[in-house]
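Encoded as structure tokens, the structure appears first; notes follow it.
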Amino acid sequence: MTPYHVPVLLAETLDLLEIKEDGVYVDVTFGGGGHSRALLARLKQGKLIAFDRDPDARRNIPDDPRIIFIPQNFALIESALEARDIKKIDGLIADLGISSHQIDTAERGFSYRFEAQLDMRMNPTDGQTAADILNSYEERDLVHLFSKYGEVNNAKKLVRTVIEGRRREEIRETSQFEGMIQACIPPKRRAKYLAQVYQALRIEVNGEMEALQNLLLASVKLLNPGGRIAVMSYHSLEDRLVKRFFRSGNLLGVQHKDLYGRLLSPWKVITRKAVMADEAEVERNPRARSARLRVAERQLLNEELID
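My numbering applies: residue 24 is where the sequence shown begins, and numbers increase by one.
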């Protein structure tokens with residue numbers, strides 16, 4: 024039996040969080056529970072709240088009274104914690120992207136490597152599928168999707184091909200879709216190209232960028248002073264957003280300064296450069312190759328001190 028998911032940059036993440044034994048922590052991407060179990064091992068009378076919208080993740084919940092599992096999208100973190108009377112936390116982990124289990128479970132439709140329905144929903148009972156998007160989106164919306172979320176170079180050609188193809192037949196399966204867009208795929212870059220296309224669809228299906236934006240904004244309100252947030256991202260779009268937010272304190276990346284030229288941000292950046300997996304970890308877990316870990320610490324602004 025293959026592991027549900029191998030946690031990436033595990034030791035580095037926990038060390039940089041500077042975990043307090045009696046602290047309250049949140050793992051918003053529970054998955055196989057790797058980060059959560061390692062975090063629980065460093066707690067005594069502390070508490071861990073874990074989020075995951077994928078029903079398959081529930082089988083990995085440890086039998087531990089210190090953990091509260093919330094089967095929801097982490098975009099709802101603020102209201103979910105408020106409903107449980109949790110007002111402040113001491114640390115947060117977000118291992119973004121997709122789990123090994125989701126990729127390797129053929130019927131979930133996350134990978135072009137398997138014959139399957141084009142689903143890609145992290146919660147397979149909720150929302151529209153990748154096939155729904157391919158069959159219904161307007162041309163301009165599909166171009167935006169593939170250009171922005173997949174950074175597909177020939178997005179316009181790809182979308183014109185999809186539009187023409189779906190007029191002939193409804194798009195439903197992975198091999199059917201690949202056959203339809205064959206003329207768009209660079210022969211020497213098939214795997215990379217399809218990975219970009221599938222990434223774009225997955226991000227759209229699951230509202231991943233919107234969820235990340237909500238999480239970052241909520242983290243400012245939720246983290247105690249001195250509390251830390253650790254985010255692992257796997258593509259440049261996510262990483263740029265996290266980097267910009269940690270430096271400026273806002274989603275636009277606009278840096279505001281006070282009268283003395285000091286940067287006004289609720290964050291102290293702990294990782295000046297993204298932490299990456301070393302060669303040994305990449306050899307053990309090739310999917311760690313693209314991981315970028317960034318950590319920031321919540322600090323009080325002058326106006327918060329006055330309040």
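Here a beta-carbon is modelled for each residue, glycine too, at the ideal position from N, C-alpha and C. In this text the structure is predicted, and so the values were computed from the model without any measurement.
Judged by DSSP secondary structure, D164 falls within the alpha helix (DSSP H) whose first and last residues are 162–172.
Distances from the CA of L316 to each of T294, R310, A214 were compared; the closest alpha carbon is that of T294. Residue environment: H279 is assigned as exposed (fewer than 16 neighbouring CB atoms within 10 Å of its CB, all protein chains considered). Pairing H124 with H258 gives a Cβ-Cβ distance that is not under 8 angstroms.
Taking C-alpha positions only, L168 is separated from K179 by approximately 11 angstroms. Residue S159 holds the alpha-carbon nearest to the alpha-carbon of V185 among R263, A73, S159. In the three-state DSSP reduction, G188 falls in the helix class (H, G or I). For L115, the three-state secondary structure derived from DSSP is strand. Distance from the CA atom of A98 to the CA atom of E233, rounded to whole angstroms, is 8 angstroms. Your pair L141 and E196 checks out as a contact, with CB atoms roughly 7 angstroms apart and the cut at 8 angstroms. Annotation for D262: the continuous alpha helix (DSSP H) segment containing it runs 259–271.
Around the beta carbon of S198, a 10 Å sphere encloses fewer than 16 other beta carbons of the protein chains shown; the residue is thus reported as exposed. Spanning the alpha carbons of I116 and E187 requires a straight line of approximately 43 angstroms. Within the stretch 286–328, the complete beta strand (DSSP E) segments of 3 residues or longer fall at 290–292, 315–321, listed in chain order. Annotation for S123: the continuous alpha helix (DSSP H) segment containing it runs 123–127. With respect to the C-alpha of V318, the residue from R251, P289, A153 having the closest C-alpha is R251. With a 10 Å radius around the Cβ and a threshold of 16 neighbouring Cβ atoms, Q219 comes out buried.
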